[in-house]
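Read in order, the letters of the sequence shown correspond to residues 1 to 176 in my numbering.
Glycine included, each C-beta is placed from N, C-alpha and C at the ideal position.
Given the structure is predicted, the values throughout are model-derived calculations rather than measurements.
Structure first, commentary second.
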Amino acid sequence: MKIGKVLITEEEIQTELKEMGAQITKDYEGLDLLIVGVLKGAFMVMADLARYIELPVEFDFMAVSSYGSATQTSGVVRILKDLDAEIAGRHVLIVEDIIDSGLTLNYLLKALKVRNPASLEVASFLTKTGIQRVEINARYTAFEIGSEFVVGYGLDYAGLYRNLPYVGILEEDSAT
Ligand code: PRP
1 MKIGKVLITE EEIQTELKEM GAQITKDYEG LDLLIVGVLK GAFMVMADLA
51 RYIELPVEFD FMAVSSYGSA TQTSGVVRIL KDLDAEIAGR HVLIVEDIID
101 SGLTLNYLLK ALKVRNPASL EVASFLTKTG IQRVEINARY TAFEIGSEFV
151 VGYGLDYAGL YRNLPYVGIL EEDSAT
């Protein structure tokens, strides 16, 4: 399949993430900040956003997989890789590539909250509007999009396209 349309350009992404990084720098000044990336999708936004945060900050990663069919998430998440760090008393910022139904983050937030972090917030690269099955109040969101299936900048289709520096929509009816 080919990219049919570029939805968010590389330049737009970098401009937005620079602004998000500046806001995070302001909001977390003087605090012990731990940024948690949710693999695999968040690897790209983590790498770029990190360079726009001008604070001493630690990074950790979680890997999760949702139970259910490819198109329908059940809301039950399996933790494939847990955090290396303890988060009690720390300011934790979860970075996600996309909030779709919201079920993954809803589960993760509950799982991390019981570990008693000083604060627990979300920074999402993309948020699909109007289709969340549970409401997620992300403190930071770079872009709001519609219900279209998007790839690139960490987001995949059948494991591919994550390395695109922009967000695109796949062309319908095109052969691989
Ligand atoms: C994607 C994305 C989120 C989740 C969002 O992960 O990274 O974690 O789906 O969907 P939700 O809001 O409907 O729960 P995916 O399971 O595709 O794994 P990946 O990051 O490894 O691609």
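Restricting attention to LEU33, ILE99, LEU80 and ASP60, the CA atom closest to the CA of GLY89 is found in LEU33. In chain order, LEU34, GLU58 and ASP60 place their CB closer than 8 Å to the CB of ALA85, counting only its own chain and leaving out the 5 sequence neighbours on each side.
Residue state for VAL150 is assigned as strand, using DSSP reduced to three classes. Under a 10 Å Cβ-count criterion, TYR161 is classified as buried, with 16 or more other Cβ atoms of the shown protein chains found around its own Cβ.
For GLU96, no alpha helix (DSSP H) encloses it; the enclosing beta strand (DSSP E) starts and ends at 91 to 99. For VAL6, the enclosing beta strand (DSSP E) starts and ends at 3 to 8. By a beta-carbon distance limit of 8 Å, THR127 contacts ILE99. Their separation comes to about 5 Å.
With a cutoff of 7 Å, SER66 counts as near ligand 1, since its C-beta is closer than that to a heavy atom of the ligand.
Under the 10 Å beta carbon count, GLU11 is surrounded by fewer than 16 other beta carbons and is classified as exposed. Straight-line spacing of the CA atoms in ILE13 and MET44 works out to 11 Å. Taking 8 Å as the upper bound for CB-CB distance, GLU96 and PHE125 are in contact here, some 7 Å apart. DSSP places GLY21 in the helix class (H, G or I) of the three-state scheme. Residue side-chain check: ASP100 places its Cβ nearer than 7 Å to a non-hydrogen atom of ligand 1. With a beta-carbon spacing of about 22 Å, TYR166 and GLN23 fall beyond the 8 Å limit used to define contacts.
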